[in-house]
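The structure appears below as structure tokens.
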Amino acid sequence: MNLQRLLRKIRRHINGWTIASAIGAAVILLPILYVLFGLTRPANDNWQTVKQYLLTDYIIGSAKLVLITGISATLIGVLLAWIVVGYSFPLQRFFRWAFVLPLAVPPYIAAYTYGTMTSYTGFIQAGLRNMFGITLPPGTIEVMSLRGAIFILVLFLFPYVFMITRTFLERQTASYIENARLLGHRRFSLFFRVVLPITRPAVIAGSMLVVFEVLSDYGVASYFGVQTLSTAIFQTWFGMYDVDSAVRLAAWLMIVVIGIFVLERYLRRNRLFHTTTSQNQNRPLTPKKLKGPAAAGAVLLCTLVFVLSFLLPVLQIIVWASQTYRKVWRADFMDLVLNTLTGAALATCIIIVVAVLSARTTRILSSSLAQVISRLMTAGYAIPGGIIAIGVLAVFIALDHRLDSVYQWLGKGEGVLLLSMSLGMLIAGFVIRFMATGYNAIEAGYEKIPRTYAEASATLGRGSLSTFVRIELPLLRRAIVTGFVLTFVEIVKELPMTLLLRPFNFDTLAARVYQYAIDERIYEAAFPSLLLILISLIPVLFILKLEKETKI
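Take numbering that gives the first Met the number 0: the final residue in the sequence shown is number 551, and no numbers are missing along the way.
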């Protein structure tokens with residue numbers, strides 16, 4: 000009897016939607032699991048050398064970069080969010096959206112730009128010498144070091160913390176903060192004793208995004224010569240031509256990522272943060288007007304951050320691009336742009352289709368199994384691109400070996416590397432890495448559709464597929480567009496995975512910028528960098544438009 004009940008339960012939960020979602024989750028997890036199992040395989044001689052002489056430096060470099068960048072970006076993001084939400088001062092409305100703009104500048108492009116601007120021949124030091132006769136001591140403002148990498152990553156990653164914290168403050172904290180003010184809390188006391196504790200979930204969420212971005216960074220760390228686990232993967236792969244050691248390094252980096260994820264969950268255990276249904280609780284926070292020196296200080300701080308994190312580097316890139324675009328615009332440049340857009344569009348379309356299937360499965364079943372599948376499918380976003388690239392490459396090479404065996408069995412001679420030298424491998428990496436971006440947008444869209452719509456459709460005799468096509472899909476249109484835009488631009492900016500998985504003679508804008516930079520041709524890198532920034536502005540402006548429409 001129990002067996003029959005179990006079989007009925009299984010049949011009720013297993014259908015076409017579930018099977019498709021489970022297959023998608025398995026495909027996404029396969030490369031990740033391959034990397035983890037790399038620790039169980041025998042180590043070669045190169046690994047012993049890496050472990051004895053280099054691994055400690057890699058771990059220390061990664062730890063310093065993650066710890067200092069994470070803390071600094073979090074403090075700046077929370078502070079700026081509180082300033083623009085809690086106080087009213089000149090240009091406050093402008094800074095509220097302007098601090099989102101640095102997300103449009105990929106950190107590796109900012110690294111190349113600042114590295115050149117602050118060098119001895121850069122316009123800053125050259126201007127001081129030529130105009131004021133001031134010669135700075137060597138190393139005073141140069142950023143080609145760990146200090147510079149932290150500076151760049153903080154400036155261009157703090158918007159993650161800023162956006163999440165600002166939204167949380169505006170939506171859920173009005174009564175708490177106003178009551179604290181009535182009880183006599185002043186600026187510093189209000190910030191440290193009230194604002195920070197109640198924004199803890201938003202702060203942790205933003206901080207985790209920063210940490211994952213730092214762990215997956217390759218462009219900034221490699222350009223500034225910082226030894227991290229991400230740069231070590233590239234060095235062992237391309238410098239030592241040792242994929243096995245690169246897989247082991249990737250596995251250790253994945254263990255670090257999993258440890259951070261578990262720590263984040265542990266810090267949030269038994270903590271309930273929710274929005275009440277009280278109209279008094281959910282009303283917008285009324286900013287307190289600043290006057291005199293306080294207002295001037297707020298404007299000065301916000302202006303300084305905005306200039307350093309967006310205005311200054313973008314203006315410099317525009318100047319360089321205007322000087323070199325004729326030299327850069329060669330016959331193959333349109334192919335470069337076409338490769339970038341084509342690869343990103345194909346991967347994004349696959350992501351959206353799989354995301355819609357999985358989100359609908361989760362909605363229909365409303366079971367722990369569906370929730371587990373959905374979480375597994377979005378696990379790739381927390382894994383650095385270099386790790387996923389190694390796993391994808393290993394899986395595709397294994398598939399090519401199977402094809403080679405089939406070729407030999409059929410008597411057609413040696414097989415060829417059909418899969419591991421194809422654009423499909425790069426697209427597979429993109430799908431695994433950025434599935435979470437598309438899925439989260441679709442899931443949010445489904446949450447706004449009442450379940451009664453599907454129930455009414457079933458009552459009228461409509462099947463599951465008909466209900467999806469005729470009712471749910473039109474209502475998901477905005478969520479699909481949002482997911483497509485955000486995912487597309489994330490893929491366009493991706494550097495580590497593109498460098499590792501792209502086929503021969505397949506360049507993208509990100510890869511070309513990197514090639515110019517390592518060849519010390521920063522001026523030539525400006526024009527493709529400017530195109531990347533303009534493309535990256537699309538989701539930023541899209542987010543701001545959505546905020547305005549929903550009155551966030």
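Backbone N, C-alpha and C fix where the C-beta goes; we use that ideal spot for every residue, glycine too.
For residue j and residue i, the rounded distance between their alpha carbons
i, j, result
"Ala358", "Tyr445", "8 Å"
"Ile584", "Thr486", "This structure cannot settle anything about residue 584, because the visible part of the chain is limited to 0 through 551."
"Ile22", "Leu29", "11 Å"
"Ala378", "Ala435", "7 Å"
"Ile431", "Ile490", "11 Å"
"Leu540", "Ile534", "11 Å"
"Val394", "Leu545", "40 Å"
"Arg105", "Ser404", "Here the sequence assigns Pro to residue 105, which means Arg is not the residue at that position. Distance between the alpha carbons of Pro105 and Ser404: 43 Å."
"Val353", "Ala24", "10 Å"
"Leu459", "Phe157", "51 Å"
"Gln315", "Leu100", "16 Å"
"Lys288", "Thr115", "40 Å"
"Ile31", "Thr39", "14 Å"
"Leu335", "Leu530", "11 Å"
"Ile123", "Leu154", "19 Å"
"Val225", "Leu474", "48 Å"
"Leu35", "Met207", "21 Å"
"Thr302", "Leu252", "37 Å"
"Ser118", "Ser71", "24 Å"
Other residues of its chain near residue i: CB distance less than 7 Å, five sequence neighbours each side excluded
i, result
"Ala563", "Any question about residue 563 goes unanswered here, given that the chain covers just 0 to 551."
"Tyr111", "Tyr222, Ala516, Ile521 and Ala524"
"Leu127", "Ile133 and Leu135"
"Gln322", "Tyr522"
"Ala201", "Ile163, Thr164 and Phe167"
Where residue i sits in the DSSP three-state scheme
i, result
"Asn279", "Only weak support exists for where Asn279 lies, its pLDDT of 49 falling under 50; the coordinates are left without a value."
"Ser87", "strand"
"Lys63", "helix"
"Lys492", "helix"
"Lys544", "helix"
"Lys290", "coil"
"Lys326", "helix"
"Met424", "helix"
"Leu459", "coil"
"Gly135", "The residue asked about is misnamed: residue 135 is Leu in this sequence, not Gly. Coil."
"Arg432", "helix"
"Ile448", "coil"
"Met0", "Residue placement at Met0 is flagged as unreliable, the pLDDT there being 46, under the threshold of 50; the coordinate-derived value follows with that caveat. Here Met0 sits in coil by DSSP."
"Met207", "helix"
Distance between beta carbons of residue j and residue i, contact taken as under 8 Å
i, j, result
"Thr507", "Gly385", "Wrong, their Cβ atoms sit about 17 Å apart, outside the cutoff."
"Phe161", "Phe94", "Contact doesn't hold; Cβ gap of about 10 Å is too wide."
"Pro527", "Arg501", "About 15 Å; that fails the 8 Å criterion."
"Pro312", "Tyr113", "7 Å"
"Asp216", "Leu262", "Not confirmed; about 20 Å, so no contact."
Any non-hydrogen atom of the ligand NAP within 6 Å of residue i CB
i, result
"Thr507", "By its list of ligands, the structure shown contains no ligand whatsoever, and the ligand NAP lies outside what it can speak to."
Cβ shell of residue i (< 6 Å), same chain only, five flanking positions each side left out
i, result
"Ser61", "Thr227 and Leu228"
"Gln278", "Here Gln278 scores only 47 on pLDDT, less than 50, and its place in the model is too uncertain to base an answer on."
"Gly37", "Val246, Arg247 and Ala250"
"Val560", "As displayed, the chain neither begins before 0 nor continues past 551, which places residue 560 out of reach and without an answer."
"Thr481", "Ala440"
"Arg165", "Ala80 and Val84"
"Leu418", "Phe395, Leu398 and Asp399"
"Thr275", "Note on Thr275: pLDDT 47, under 50, position unreliable in the model; the coordinate value appears next. Excluding sequence neighbours, Thr275 sits near nothing in its chain."
Within-7 Å CB hit, residue i to chain D
i, result
"Val255", "The structure shown contains no chain D; it is built from a single protein chain."
Which full runs of the alpha helix (DSSP H) of 4+ residues lie inside the stretch 211-254, going along the chain? 218-222 and 228-233
Where are the alpha helix (DSSP H) runs, 4 residues long or more, that stay fully inside the stretch 87-167, in chain order? 91-97, 106-116 and 122-131
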